[in-house]
Amino acid sequence: MRSIIDVLDLSTEEIEELTACAQDIIANPDAYADVCARKKLATLFFEPSTRTRMSFEAAMYELGGHVITMAGAASSSAAKGESVADTIKTVCNYVDIIAMRHPKEGAALVAANNATVPVINAGDGGHCHPTQTLADLLTIKLEKKRFDNLTIGFCGDLKFGRTVHSLAAAMARYPGTKLVLISPEELKLPSYVKRNALNPAGVKYTQTTDLEEALPELDILYMTRVQRERFFNEEDYLRLKDRYILTAEKMKKAPEDMIVMHPLPRVNEISVAVDDDPRACYFKQVLNGKYMRMALIMKLLKEAGKI
Amino acid sequence: MNIDSIKDGVVIDHITAGKGMKLVSLLELDRDDVSVAIIKNVHSRKMGKKDIIKIDADIPVNLDLIGYVDPGATVNIIKNSVLAEKKTIGRPKVLTGVIRCKNPRCITSVEQELKHVFLLRSDGYRCMYCETKAAEEQ
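Just so you know, the sequences run in chain order A and B. Just so we're aligned: 75 in our numbering is position 75 of the first sequence, and the numbers increase by one with no gaps anywhere. Numbers given in our numbering equal positions in the second sequence, counted from 1, plus 1000.
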């Protein structure tokens, strides 16, 4: 039974296949309206989420399927101490596919190892969030028309930001990728990401603390939020949270065809004034996430022989 | 120095000098129902000095644990006083239940029944669940 824990579980050919499928859904939504009729998706969310859970649910509804939701560990048997494995073994009896978010790293792998239906990791702590990366990749494909020869600036929390790790690893597989890593010293990209994803692929990267200096050379600026929930120490969070704020003024230094991405939710790191800039793509990412989740749900259900 | 040969048992040889006692402890051989000889600082042409553990009982030993602590060690299985099998260990690709993940954000930190599994990567052992690197064995 195939599950998707990490975006690297998908080959570059499969990424192409999914982005092509998503583009076809955008062009012909009616053709997909009943593809998953009478199939059920469980969204198991052990930690809060707005867009990811609703995106999965909207995706399944638009494919003609049904959704069963568990939102919040407090309303589930997890509050009674039930293990992830037992929860999954139970839920598999009710549904055809599962999307799961859990605060602990590796929980999605535990789920997949105990599931009899496909499991999609909807975020496991600071570890992986593959469908966010799929949303990012579709946005890049639609806006830049290619995956190769792009210079991407990642800005903010590059240490705990799972979306950064995943997208950096995914883009490392394409020729000509260059990364500019913009972060405070304390939130630099972990060395294991460089060693395991960037260095073997020969990806060129530079590290800086200066956002404005980096802007002119970027094709894509990927902003991130400093996440309070990843810090054990409140003082560190408060010191670092507003280190980078993208403003309309700073955007003047960016190329005309640069796009701004953000996995959302945003706090202060992108000024609301930037939203009106045609280069701002973060709300497009949200919509693209739904199309890619539709494509992924269909792919996994097809592979499982359920549709 | 002579230690009586064993009839049915296990000899762990080519242990890096100084690691014999640690292995005995980790393999839980320091119990009172098994005869175990620990020979320390034995002269070795290849290694200079080495430790040897002789277990006078046909009991299973955790090869993964031995390979993690001392990948150069060899394990000899003795049956009817003859060498029945010789195993060179090396670093195991998968370590199950040998070391524990210390990452407080890992799923293994809250699910007590979950086995701690580490996979051998290019830079050492990493938790199968959260990819946290294991502390290097000293």
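Every residue, glycine too, gets a C-beta built ideally from N, C-alpha and C. Predicted, not measured: the structure shown is a model, and the values here were computed from it.
*Tell me, please, whether the stretch 1091-1105 of chain B touches the stretch 1121-1131 of chain B by the rule of three or more beta-carbon pairs shorter than 8 Å.*
yes
_Among A/203, A/133 and A/218, the one whose alpha carbon lies nearest that of residue 163 of chain A_ = A/133
_Give me the subset of the stretch 1117-1133 of chain B whose CB atoms are less than 9 Å from a CB atom of chain A, sorted by chain position._
1121, 1122, 1123, 1126, 1127, 1128, 1129, 1130, 1131, 1132 and 1133
*Nearest-angstrom Cα distance between residue 98 of chain A and residue 49 of chain A?*
16 Å
_Any beta carbon from chain A within less than 9 Å of residue 1028 of chain B's own beta carbon?_
no
_Separation of residue 1083 of chain B from residue 171 of chain A, as counted between CA atoms_ = 54 Å
*Hey, residue 142 of chain A and residue 187 of chain A are a contact pair by Cβ (cut 8 Å); roughly how many whole angstroms apart?*
Their Cβ separation, rounded to whole angstroms, is 29 Å, which puts residue 142 of chain A and residue 187 of chain A out of contact at 8 Å.
*How big is the Cα-Cα spacing for residue 178 of chain A and residue 210 of chain A?*
17 Å
*Name, please, each residue of chain B whose Cβ falls closer than 8 Å to the Cβ of residue 84 of chain A.*
1107 and 1111
*Nearest-angstrom Cα distance between residue 161 of chain A and residue 1054 of chain B?*
50 Å
*Answer yes or no: does any C-beta atom of chain A fall closer than 9 Å to that of residue 1138 of chain B?*
The pLDDT assigned to residue 1138 of chain B is 47, lower than 50, so where the model puts this residue is not dependable, and the model offers no usable value.
_residue 259 of chain A to residue 1016 of chain B span [Cα, whole Å]_ = 57 Å
*Around the C-beta of residue 1092 of chain B, are 16 or more other C-beta atoms found within 10 angstroms, so that it is buried, or is it exposed?*
buried
*When you compare each of A/113, A/118, A/85 and A/204 to residue 1111 of chain B by their alpha carbons, which one comes out closest?*
A/85
*Would you call the CB atoms of residue 7 of chain A and residue 167 of chain A closer than 9 Å?*
yes
*Cα-Cα separation, residue 1009 of chain B to residue 112 of chain A*: 41 Å
*Name, going along the chain, the residues of the stretch 188-211 of chain A whose beta-carbon falls closer than 8 Å to a beta-carbon of chain B.*
192, 195 and 196
*Does any C-beta atom of chain B lie closer than 9 Å to the C-beta of residue 235 of chain A?*
no
*What distance in whole Å lies between the Cβ atoms of residue 1100 of chain B and residue 1116 of chain B, which are believed to be in contact at a cut-off of 8 Å?*
5 Å
_Please identify the residue among A/175, A/51, A/266 and A/9 whose C-alpha is closest to the C-alpha of residue 71 of chain A._
A/51
*Enumerate, from N- to C-terminal direction, the unbroken alpha helix (DSSP H) stretches of 4 or more residues contained entirely within the stretch 209-241 of chain A.*
211-214 and 234-240
*Tell me whether the beta-carbon of residue 46 of chain A lies closer than 9 Å to the beta-carbon of residue 103 of chain A.*
yes
*Continuous beta strand (DSSP E) assignments of at least 3 residues falling wholly in the stretch 92-179 of chain A*: 97-102, 119-124 and 151-155
*Residues bridged to residue 1127 of chain B by DSSP?*
B/1118
*Within 7 Å of chain B by C-beta, residues of the stretch 103-120 of chain A in sequence order*: 104, 105, 106, 107, 109 and 110
*For residue 1044 of chain B, does the three-state DSSP call read helix, strand or coil?*
strand
*What residue does the beta strand (DSSP E) around residue 301 of chain A start on, and which one ends it?*
Counting along the chain, residue 301 of chain A falls outside any beta strand (DSSP E), though it belongs to the alpha helix (DSSP H) covering 282-303.
*Tell me, please, whether the CB atom of residue 1114 of chain B is closer than 9 Å to any CB atom in chain A?*
yes
*What span of residues does the beta strand (DSSP E) with residue 1085 of chain B cover, start to end?*
1082-1088
*Ignore the nearest five residues each way along the sequence and tell me which others in residue 139 of chain A's own chain have a CB closer than 7 Å to its CB.*
261, 281, 284, 285 and 288
*Measure the alpha-carbon distance for residue 173 of chain A versus residue 146 of chain A and round it to whole angstroms.*
13 Å
*From the beta carbon of residue 1103 of chain B, is the nearest beta carbon of chain A less than 9 Å away?*
yes
*Is residue 1006 of chain B close to chain A, meaning its C-beta is less than 9 Å from at least one C-beta of that chain?*
no
_Separation of residue 43 of chain A from residue 96 of chain A, as counted between CA atoms_ = 11 Å
*DSSP on residue 27 of chain A, reduced to helix/strand/coil?*
helix
*Would DSSP call residue 1064 of chain B helix, strand or coil?*
helix
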